[in-house]
Structure formats: C-alpha cells, structure tokens
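For the sequence shown, the residue numbers in my numbering are 360 to 692. Below is one structure; the comments refer to it alone.
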Amino acid sequence: MPRNATAPALPGLSDDLRERLDAALSDVEALLDARVDHADPFIAEANGHLLQAGGKRFRPLLTMLAAELGNGISADVVAAAAGVELTHLASLYHDDVMDEAYTRRGVPSANAKYDNSTAILVGDLLFGTASDIIADLGPEAVKIQAQTFIRLCSGQIRDDRPCPPGEDAHAYYLGVLADKTGVLIATAARYGALLAGCSREVIALVTDYGERIGVAFQLADDLIDISSTSEVLGKAPGTDIREGKRTLPIIYALESTDPADARLQALLRQPTHTDDELAEALDLLRPHPAMDRARAETTAMARSAQDVLAPLPDGEVKSALAALALRVVQRDQ
C-alpha cells in the first residue's frame, strides 16, 4: 500500500503545482512498492523494511521540481525519482552495517532485525533494482547512475577513514560529503531537468545546485547527530563521536586553544567506548561555540546553492528551489 507522500509547504507554491507534485510523489511511492516486492516473502519483507518506515522523499521532490523547469513531470521523471530513492535506500542498509546501528527511522535497522549479511545483500539487491529502473531511461541516464554510484561508494570509503596526514581536515571533510551525499542529490535534480528536456545550461545549473544542497543537507545531519535525541532522530545520537569521525563541529572543537576544552578534545580524538563517555562528549559539545560556527557554515552552503539559481527566470519553481535550500539546513534550528 503506497504511503501518503505530499510536498512540503514551500513559499509561493501554487495550488496547481502542489497538486502536480503530490500526485507525482504518490506515483513514486506506488512504483517503489511495486519494485521492492518479490516472489519470495522473506526477500519482499526485507526489501521493504526501511521503505515502509517512511522517509522525507527529499530526492524525489527535487527531481520533480527540476522537471518543472522544462516540460514537466512525466512517467520517465517518476521512474528516475524512484531509482534515485532506491539508491539512497540501499545505501542506508549498508550504512547501518558499517555504523553497527540498531535503529533507523524509528524502527530496528535491517542488520539488527535480520543480520549483517542479509542487510548487505538486500542493499545490493536494491542497488540492482534501482539500476534496472534507470536502464529503461536511456544510455545517458545509465551512465549518470554508474558515475553517481562510483562517487557515492568512494565517498563512503573515504568517510570511513581518517583524513590523511598533511591534508586539510576541513577541505577533506567537505570533499567526502560532496561524494557520499551531494552527488546523489545532484543526480536527483539532474535527472529531472534532463528527462524534462531542459537545456544543457539548466541541467548543469541544477546539478551544481543539487550538489551544494546535498552537502548542506549532510552538514545539517551531522549537527543533528549531536544536537538531537533518540526520540526525534529515530536512532541513537552521537554516532559520529562514537566512531571517531571528524565532522565539522568536531573539527572546530578540536581546533580550540581554550584549556577548558581539554576534556572534550580528549574524548573527540578517539572513538568513545562507553555510553557514559559518549553522553559526556555530547553534553560538552552541544553548547560549544563549535556548533554555532558549524551551523553558520551550513547555512552559508545553502545560501551558495541559492546563488546558483540566479540565472533562472523568476517564478514559483525557482522560489521553491531557493526555499528548499534553506529548509534542509533549518532542521537543526
């Protein structure tokens, strides 16, 4: 049964455009349900485990909005949106294995409900299903999917490793985010414009916009991992601290020369191994100036995405894209 998917309230969105977006998002949900189904009941259940838990469907929405810059939403645009969302969903199965996560979207993670092997294989199956959908959209779409997948995996590999000695930690981190998160959101926008017949200039513009808001989206997620609670987040907070990852607020906190930050820095320099250490690190980091500094940079990244839209003619789609850029970073505020 398709879930009720609706477009968020964005400034200046006409009733007509909202209805088109809502109808298209419902079509995406129906296609997702149809494509994760399987003759084997266990595979069907595992395939649909995280899908049934819901999600923001941010990427499909972006595909639809980008299409509205051209000839509008079509069956191919809906298919591309579903392919991108399945690619994202598949990556979550793998992420939870890597993070040893117990919950996702407020339900047990696939690795917790089943096991690591099943979660990995289901993720692979969903990646294959996404590629099967995209294969019907032509050779250029297939090439984009392959290039996106390469960057996504490269970003995940680099994210799982420390910044190499001698490299700038800040620049390294932003590069990782561009690959592991930005590229798929860029592809969501790129497909919408491409399949709606937009000019190459507009396709390049929305691709750049998409990658920038993708980075901003992940920056906001990294802040939420620190600032939020299990109830709001749908999973345990502090995952990045526990794993010793250097996200933006952690990078800034480690740069501090204030002697009062010595204990926090000691906790952040290595993965925390106990719940008490993690709780202490969160308590020290949440009110730290590093959080405000990271929030300011996150907002600046969203603003840079808005700036990319300048060449587009004024209208409700441009306004909606501009509003969406800020919306993705205001979830932590």
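Positions of the beta carbon are idealized from the N, C-alpha and C atoms, including for glycine.
- How many whole angstroms separate the CB atoms of Leu-445 and Thr-488, which I take to be in contact at a CB cut-off of 8 Å? So it is a contact: roughly 6 Å between Cβ atoms.
- Query: Pairing CB atoms from the region 489 to 505 with CB atoms from the region 424 to 441, are three or more of them under 8 Å?
  - Reply: As far as the Cβ criterion goes, the region 489 to 505 touches the region 424 to 441, which means the pair count is three or higher.
- Item | Spatial distance of Val-561 from Arg-571 (CA atoms) | C-alpha separation (whole angstroms): 15 Å.
- Message: Using only the alpha-carbon positions, how far apart do Thr-546 and Asp-567 sit?
- Response: One alpha carbon belongs to Thr-546, the other to Asp-567, and they sit about 10 Å apart.
- Backbone CA spacing between Ile-479 and Asp-666 [nearest angstrom]: Ile-479 and Asp-666 have their alpha carbons spaced roughly 39 Å apart.
- Can at least three beta-carbon pairs, one atom from the region 406 to 420 and one from the region 384 to 398, be found at a separation below 8 Å? Yes, since at least three Cβ pairs between the region 406 to 420 and the region 384 to 398 fall closer than 8 Å, the two stretches touch.
- Query: When the Cβ atoms of the region 415 to 432 are set against those of the region 462 to 477, are three or more pairs found closer than 8 Å?
  - Reply: Contact between the region 415 to 432 and the region 462 to 477 is absent, because fewer than three Cβ pairs lie under 8 Å.
- Message: What would DSSP say about Thr-462, mapped onto helix, strand or coil?
- Response: Here Thr-462 carries a strand assignment [DSSP, helix/strand/coil].
- Query: Residues in its own chain within less than 8 Å of Ala-679 by CB, not counting five upstream and five downstream?
  - Reply: Around Ala-679: Leu-369, Pro-370, Gly-371, Leu-372, Leu-376 and Leu-424.
- Message: Between the alpha carbons of Asp-634 and Ile-609, how many angstroms are there, rounded?
- Response: The C-alpha of Asp-634 lies about 18 Å from the C-alpha of Ile-609.
- With distances taken from CA atoms, which of Gly-431, Leu-420, Leu-428 and Ala-405 is nearest Tyr-452? Taking Tyr-452 as reference, the option from Gly-431, Leu-420, Leu-428 and Ala-405 with the minimal CA-CA separation is Ala-405.
- Going straight from the alpha carbon of Leu-448 to that of Ile-585, what length do you get? Roughly 23 Å between the two C-alpha positions.
- Three-state secondary structure assigned by DSSP to Pro-467: Pro-467 falls in the strand class under three-state DSSP.
- Message: Please identify the residue among Met-660, Pro-670, Pro-646 and Leu-671 whose C-alpha is closest to the C-alpha of Ala-684.
- Response: Of the candidates Met-660, Pro-670, Pro-646 and Leu-671, the residue whose Cα lies closest to the Cα of Ala-684 is Met-660.
- Query: How big is the Cα-Cα spacing for Val-501 and Ser-490?
  - Reply: Across the structure, Val-501 and Ser-490 are spaced so that their CA atoms are roughly 7 Å apart.
- Task: Identify the continuous alpha helix (DSSP H) that holds Thr-477 and give its terminal residues.
- Result: Start and end: 475 to 494.
- Query: Looking at C-alpha atoms only, which residue of Leu-384, Asp-651, Pro-367 and Gly-534 is the closest neighbour of Leu-511?
  - Reply: Nearest Cα to Leu-511 within the set Leu-384, Asp-651, Pro-367 and Gly-534: Gly-534.
- Message: Distance check for Thr-422 and Pro-367, CA to CA, integer angstroms please.
- Response: Taking the straight line joining both Cα atoms gives about 14 Å.
- Task: Below 6 Å CB to CB, which residues in the same chain sit around Val-466 once its five sequence neighbours on both sides are set aside?
- Result: These residues qualify, in order along the chain: Ala-412.
- Give me the Cβ distance between Arg-605 and Tyr-532, rounded to the nearest whole Å; I'm assuming they're in contact under 8 Å. Sure, about 6 Å apart at Cβ, within 8 Å.
- Item | Three-state secondary structure (DSSP) of Met-360 | Confidence at Met-360 is low in this model, with a pLDDT of 38, below 50, so its placement is unreliable and the value that follows should be read with caution. The three-state reading of DSSP puts Met-360 in coil, since its state is none of H, G, I, E or B.
- Task: Please go through the same chain and pick out, in chain order, the residues whose beta-carbon is closer than 6 Å to the beta-carbon of Asp-673, but skip the five residues on each side of it.
- Result: Once the five neighbours on either side are set aside, Asp-673 has no close Cβ partner at all.
- Message: Out of Ile-492, Gln-624, Thr-477 and Glu-427, which one is the CA nearest neighbour of Leu-671?
- Response: Nearest to Leu-671 by alpha-carbon distance, out of Ile-492, Gln-624, Thr-477 and Glu-427, is Glu-427.
- Cβ-based burial, Val-676 [other Cβ within 10 Å; buried from 16]: Its Cβ being crowded by 16 or more others within 10 Å, Val-676 is buried.
- Task: Out of Asp-386, Glu-639 and Asp-538, point me to the one whose CA is closest to Val-574's CA.
- Result: When only C-alpha atoms are compared, the closest one is Asp-538.
- Message: Measuring only the C-alpha atoms, how far is Gln-689 from Ala-664?
- Response: About 14 Å.
- Item | Minimum C-alpha distance to Arg-379 - residue among Ala-398, Ile-432, Ile-402 and Val-387 | Taking the Cα of Arg-379 as reference, the smallest distance to any Cα among Ala-398, Ile-432, Ile-402 and Val-387 is reached at Ile-432.
- Message: Comparing C-alpha positions only, which one of Gly-541, Thr-462, Asp-458 and Ile-492 sits nearest to Ala-434?
- Response: It is Ile-492.
- Query: Got a sec, what are the start and stop residues for the alpha helix (DSSP H) Val-687 sits in?
  - Reply: Unbroken run through Val-687: none, as it is neither H nor E.
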